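Beneath this line is the structure, given in structure tokens, with notes to follow.
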Amino acid sequence: MKDGKINVHYLTRVEGHGNIVVDLKGGAIEELRWEIPEAPRFFEAMVRGQSYADAPHITSRICGICSIGHTVASLQGIEAAIGVQPSEQTILLRKLILHAETVQSHTLHVFYLAVPDFLGVNSVIPLATTHREPLLQAIRLHGLANKWSDMIGGRTTHPINMVVNGWTRIPTPDELRTLRQQITDAIPDLKAWVEIVKTLEIPDFERETEYLALKRDDEYAFYNGAIASTDGGTTSVPEYREKIKEFVVPYSSAKHTKAARESFMVGALARFNNNYEKLSPLAQWAAEEMGLKPVCYNPFMNNVAQLVEVAHCLEDGVHIIDELLAMGLEEEVRSVKVSGGTGVGATEVPRGLLIHEYTVDEGGTITGANLIIPTNMNHNNIERDLKALVPTVVDRSKEEITLSLEMLVRAYDPCISCSTHLLTVEFV
Amino acid sequence: MKPRIAIFDFGCCEGCQLQIVNLEEELLDLVALVDVVSWREAMTGHSDEYDIAIVEGSITREEEMERLKGIRQNAKILVALGACAHIGGVNCLKNFFEMDEVLEYVYGKDAKHFDTIPARPLSAVVPVDYAVPGCPIDRKEFLEVIKALLLGKKPPIPNYPVCVECKMKGNVCVFDKGMTCLGPVTRAGCGAICPTYGNKCEGCRGLVDDPNLDSQKEVLQEHGLTVEQMLNSFRMFDGYMEVAK
Chain L
1221 MKDGKINVHY
1231 LTRVEGHGNI
1241 VVDLKGGAIE
1251 ELRWEIPEAP
1261 RFFEAMVRGQ
1271 SYADAPHITS
1281 RICGICSIGH
1291 TVASLQGIEA
1301 AIGVQPSEQT
1311 ILLRKLILHA
1321 ETVQSHTLHV
1331 FYLAVPDFLG
1341 VNSVIPLATT
1351 HREPLLQAIR
1361 LHGLANKWSD
1371 MIGGRTTHPI
1381 NMVVNGWTRI
1391 PTPDELRTLR
1401 QQITDAIPDL
1411 KAWVEIVKTL
1421 EIPDFERETE
1431 YLALKRDDEY
1441 AFYNGAIAST
1451 DGGTTSVPEY
1461 REKIKEFVVP
1471 YSSAKHTKAA
1481 RESFMVGALA
1491 RFNNNYEKLS
1501 PLAQWAAEEM
1511 GLKPVCYNPF
1521 MNNVAQLVEV
1531 AHCLEDGVHI
1541 IDELLAMGLE
1551 EEVRSVKVSG
1561 GTGVGATEVP
1571 RGLLIHEYTV
1581 DEGGTITGAN
1591 LIIPTNMNHN
1601 NIERDLKALV
1611 PTVVDRSKEE
1621 ITLSLEMLVR
1631 AYDPCISCST
1641 HLLTVEFV
Chain Z
129 MKPRIAIFDF
139 GCCEGCQLQI
149 VNLEEELLDL
159 VALVDVVSWR
169 EAMTGHSDEY
179 DIAIVEGSIT
189 REEEMERLKG
199 IRQNAKILVA
209 LGACAHIGGV
219 NCLKNFFEMD
229 EVLEYVYGKD
239 AKHFDTIPAR
249 PLSAVVPVDY
259 AVPGCPIDRK
269 EFLEVIKALL
279 LGKKPPIPNY
289 PVCVECKMKG
299 NVCVFDKGMT
309 CLGPVTRAGC
319 GAICPTYGNK
329 CEGCRGLVDD
339 PNLDSQKEVL
349 QEHGLTVEQM
359 LNSFRMFDGY
369 MEVAK
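From first to last, the protein sequence lines stand for chains L and Z.
Residue numbering for the first sequence is 1221 to 1648, as defined by my numbering.
Residue numbering for the second sequence is 129 to 373, as defined by my numbering.
Set out below in structure tokens:
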């Protein structure tokens, strides 16, 4: 299709509302927009006047899929603002539940939202008859992740017991041993899916860009770290504004961002590209099997990077449980002495780097907030990828072009219901 | 013909729809009994021909009212899914500010590109037949509601407070731990999950039909807490109620 318009109004199988608008004239792009018409929810404005202690439970409600990640980033931001350093046990348990969310979210995306495109169906539902065994394996992995969240956080979505400076309930050693066994038992299902994904025809498309992710010397960073770039260099979390610039485009209720180049990407592929050497052995095996090598500039491979991370989280989850059991869990004192201030928390959630910044007064009341959500950081890169992808598929039919553009956006696993809750930073 | 179900969302985190996905194998059993004709989050394709509309989220923009009225017109039964749709939910925290100020705080000089209205539950715009309460919903309760609807029965949502379930669990009373708890007036059905995990009830399921507010005030006094503190706790999920009066 050399001439005409493509208008995907409300892209399906993503979290939230996004539109793809393309106008082609003589095979060239006259206009291309990735529009975000999602209703903004104004969390930064809403938390003002609330107690520091309630921020994690309020901001958890930004996203149903990554509510644990929002809780963690919020806890980190609040704890930095009021001057609290949580214990090693608290941090290990947070790392453990973050892994549960990463497995839950990645399996949901790869198996239920992305794979139907590769198999030529409109949703996961028809696979119940055509691909029953792999679907049951997928459901088992997804179900394991949810049981994992339930056990550590009280429920699957919007964790109950994660609070400032600790937990209102910690798991028993028996519960942890049960979970350890369940995770170990799930590894064959993961391996089976690696075998399936390596047979899928991932579109061959590349566009060089910058990848940002947290990085640590001692582990594949999810919980915390410094902000690293595949273009080199790291930025400490409190200095995030030095690295990440936000700006508004009129057709999108989510702000766009840029760093060193005109756009950048965050998420599983960005973490993989920055931290490949720190992956667990099972994850490195999965990457090799599926042909993923750093630095990979193909955004469609984000689906593959997600499955690699599932392998890592399973293996590292077992490792964290062993560490907790060896330490011996104990009830901790959670009370804190609040000192006013500003603090920044940053954690890697399934879709990438998440930043929560708060200002809290001496009485513990929140007076300001700034939340930067990963999908928001990706919008600009998505749009530039779409512009680069169109010329490579322009000879195909309208339906094929549309599917290919939809699959590209889906590969980012955008979480648009999250991505609109942003605050004014300096505009560039 | 199988009953046709459509799932929609407005301003929300989509976490309640996620609980439907989280039914895992039971979801396969459910979709065998019904025809899902529209579910943007999980499938491509859409139809306006449906019997039951399941709607998540609260209304936060003028244009959404028209969309919701259209859904109401198409559906024989409209179910509010989760706290945002049922009682307004966390979105209503915004209602305690001026909308212009909220827009400017988040978008600065670009605020003019966006619009927003005070958040409200579905029932503030159209008649709602049933609600699955909670933030998030309890997926077992969701299944019970759908089962009842398929059998032509009234869904079994409890009308007694969370305290009842909490006592049955044998939990230490949250007030005795020095925290404010909304359990005495909040609708049960969650199994008192938050107190069971060591936290307080935050009131996400809304009030019981006839809350014993005098008794709640007594409990507050007994523990040296004020009505003001109580109302502030209600704001997290039930702010619409306070604004409305």
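Even for Gly, the Cβ is constructed at its ideal location relative to N, Cα and C.
This structure is a prediction, so every number in the text was calculated from the model and none was measured.
Look at residue i and residue j and say whether their C-beta atoms are less than 8 Å apart.
{"i": "Lys345/Z", "j": "Val355/Z", "result": "yes"}
{"i": "Gly143/Z", "j": "Gly1588/L", "result": "no"}
{"i": "Leu1545/L", "j": "Cys1516/L", "result": "no"}
{"i": "Ile1359/L", "j": "Glu152/Z", "result": "yes"}
{"i": "Ser1559/L", "j": "Asp1536/L", "result": "no"}
{"i": "Pro1636/L", "j": "Ile1256/L", "result": "Checking the displayed sequence, the identity of residue 1636/L turns out to be Ile instead of Pro. Yes, the pair counts as a contact, with Cβ atoms nearer than the cut-off."}
{"i": "Gln147/Z", "j": "Ile265/Z", "result": "yes"}
{"i": "Gly75/Z", "j": "Phe365/Z", "result": "Outside the shown range of chain Z, which is 129 to 373, sits residue 75/Z, and nothing can be said about it."}
{"i": "Asn1523/L", "j": "Val1330/L", "result": "yes"}
{"i": "Asn327/Z", "j": "Asn1381/L", "result": "yes"}
{"i": "Ala1506/L", "j": "Val1414/L", "result": "yes"}
{"i": "His1164/L", "j": "Glu1258/L", "result": "The shown model of chain L, from 1221 to 1648, leaves out residue 1164/L, and the question about it has no answer."}
{"i": "His1351/L", "j": "Val1530/L", "result": "no"}
{"i": "Gln145/Z", "j": "Asp137/Z", "result": "yes"}
For residue i, which residues of its own chain have a beta-carbon under 6 Å away from its beta-carbon, when the five flanking residues on both sides are left out?
{"i": "Val292/Z", "result": "Ala316"}
{"i": "Pro1379/L", "result": "Ile1288, Thr1291 and Gly1373"}
{"i": "Ile133/Z", "result": "Val162, Val164 and Ile180"}
{"i": "Gly1247/L", "result": "Lys1222 and Val1614"}
{"i": "Leu1643/L", "result": "In this prediction, Leu1643/L scores a pLDDT of 29, lower than 50, which makes its location untrustworthy; the coordinate-derived value is nonetheless stated afterwards. The residues are Glu1264 and Asn1590."}
{"i": "His1319/L", "result": "Cys1533 and Gly1537"}
{"i": "Cys141/Z", "result": "none"}
Below 8 Å on the Cβ atoms is my guess for residue i versus residue j; work out the distance and round it to an integer in Å.
{"i": "Pro249/Z", "j": "Ala213/Z", "result": "6 Å"}
{"i": "Gly1561/L", "j": "Val1580/L", "result": "7 Å"}
{"i": "Arg363/Z", "j": "Leu221/Z", "result": "6 Å"}
{"i": "Leu1628/L", "j": "Leu1609/L", "result": "6 Å"}
{"i": "Met1510/L", "j": "Lys1418/L", "result": "5 Å"}
{"i": "Pro1458/L", "j": "Met1485/L", "result": "So it is not a contact: roughly 23 Å between Cβ atoms."}
{"i": "Glu1430/L", "j": "Ser1449/L", "result": "6 Å"}
{"i": "Ser166/Z", "j": "Ile135/Z", "result": "7 Å"}
Please list, in chain order, the chain L residues whose beta carbon lies closer than 8 Å to that of residue i.
{"i": "Phe138/Z", "result": "Ala1259"}
{"i": "Ala181/Z", "result": "Result: empty, since nearest Cβ-Cβ is about 16 Å, beyond 8 Å."}
{"i": "Cys263/Z", "result": "Arg1281 and His1378"}
{"i": "Phe270/Z", "result": "Here the premise fails: no neighbours, minimum Cβ distance about 13 Å."}
Residues of chain L with CB closer than 7 Å to the CB of residue i, please, in chain order.
{"i": "Ile321/Z", "result": "Gly1374, Arg1375 and Ile1380"}
{"i": "Val230/Z", "result": "Phe1262 and Ala1265"}
If you compare alpha carbons, which of the options is closest to residue i?
{"i": "Thr1388/L", "options": "Gln145/Z, Cys329/Z and Leu271/Z", "result": "Cys329/Z"}
{"i": "Leu1312/L", "options": "Gly1386/L, Ser1449/L, Glu1509/L and Asn1494/L", "result": "Gly1386/L"}
{"i": "Val1569/L", "options": "Gly1445/L, Val1267/L and Arg1397/L", "result": "Gly1445/L"}
{"i": "Tyr288/Z", "options": "Pro339/Z, Leu209/Z, Asp304/Z and Leu353/Z", "result": "Pro339/Z"}
{"i": "Glu1482/L", "options": "Lys1245/L, Thr1622/L and His1599/L", "result": "His1599/L"}
{"i": "Lys1607/L", "options": "Ile1240/L, Leu1231/L, Thr1232/L and Gly1236/L", "result": "Ile1240/L"}
{"i": "Thr1567/L", "options": "Glu1251/L, Asp1243/L and Cys1286/L", "result": "Cys1286/L"}
{"i": "Val254/Z", "options": "Asp137/Z, Glu194/Z and Asn219/Z", "result": "Glu194/Z"}
{"i": "Phe1425/L", "options": "Leu1625/L, Gly1583/L and Lys1618/L", "result": "Leu1625/L"}
{"i": "Tyr178/Z", "options": "Asn150/Z, Glu191/Z and Ile199/Z", "result": "Ile199/Z"}
Identify, in the order they occur along the chain, each residue of the same chain with its Cβ nearer than 7 Å to the Cβ of residue i, setting aside the five sequence neighbours on each side.
{"i": "Asn299/Z", "result": "Ala320, Pro323 and Thr324"}
{"i": "Val1645/L", "result": "Only weak support is given to the placement of Val1645/L: the predicted model assigns it a pLDDT of 26, under 50, and the question is left unresolved by the model."}
{"i": "Asn1495/L", "result": "Ala1433, Lys1435, Tyr1440 and Ala1441"}
{"i": "Ala1300/L", "result": "Gly1563, Val1564 and Gly1565"}
{"i": "Ala1275/L", "result": "Val1267, Ser1294, Ile1298, Tyr1578 and Ile1586"}
{"i": "Ala372/Z", "result": "For Ala372/Z, the pLDDT reaches just 45, beneath the cut-off of 50, and the residue's location in the model is therefore unreliable, although a value from the coordinates is still provided. So no residue of the chain qualifies."}
{"i": "Gln201/Z", "result": "none"}
{"i": "Ala1525/L", "result": "Ala1488, Leu1489, Phe1492 and Leu1512"}
{"i": "Thr1477/L", "result": "Ile1464, Lys1465, Glu1466, Asn1596, Met1597 and Asn1600"}
{"i": "Met307/Z", "result": "Lys328"}
{"i": "Gly262/Z", "result": "Gly210, Ala211, Cys318, Cys332 and Arg333"}
Can you name the residues of chain L whose CB is closer than 9 Å to the CB of residue i?
{"i": "Ile314/Z", "result": "Note on identity: in this sequence residue 314/Z is Thr, with Ile being the wrong assignment. Neighbours of Thr314/Z on chain L: none; closest Cβ ~15 Å, over 9 Å."}
{"i": "Arg225/Z", "result": "The sequence as given places Phe at residue 225/Z; Arg does not occur at that position. By Cβ distance, chain L contributes Phe1262, Ala1265, Met1266, Arg1268 and Gly1269."}
{"i": "Gln147/Z", "result": "Gly1284, Thr1376 and Thr1377"}
Going along chain Z in order, which residues have a C-beta closer than 7 Å to the C-beta of residue i?
{"i": "Gly1363/L", "result": "Glu152"}
{"i": "Glu1235/L", "result": "Glu142 and Glu169"}
{"i": "His1229/L", "result": "Those within 7 Å of His1229/L in chain Z number zero; the least Cβ separation is about 10 Å."}
{"i": "Ile1359/L", "result": "Glu152 and Glu153"}
With a CB to CB cut of under 8 Å and the five nearest residues on each side skipped, what residues in its chain are close to residue i?
{"i": "Leu278/Z", "result": "Pro131, Leu161 and Val162"}
In chain Z, which residues lie with their C-beta within 8 Å of the C-beta of residue i?
{"i": "Asp1274/L", "result": "Met364"}
{"i": "Ser1287/L", "result": "Cys141 and Gly143"}
Check: What residues in the segment 1389-1405 of chain L have a beta carbon less than 8 Å from any beta carbon of chain B?
Finding: Note that chain B does not occur in the displayed structure, where the protein chains are L and Z.
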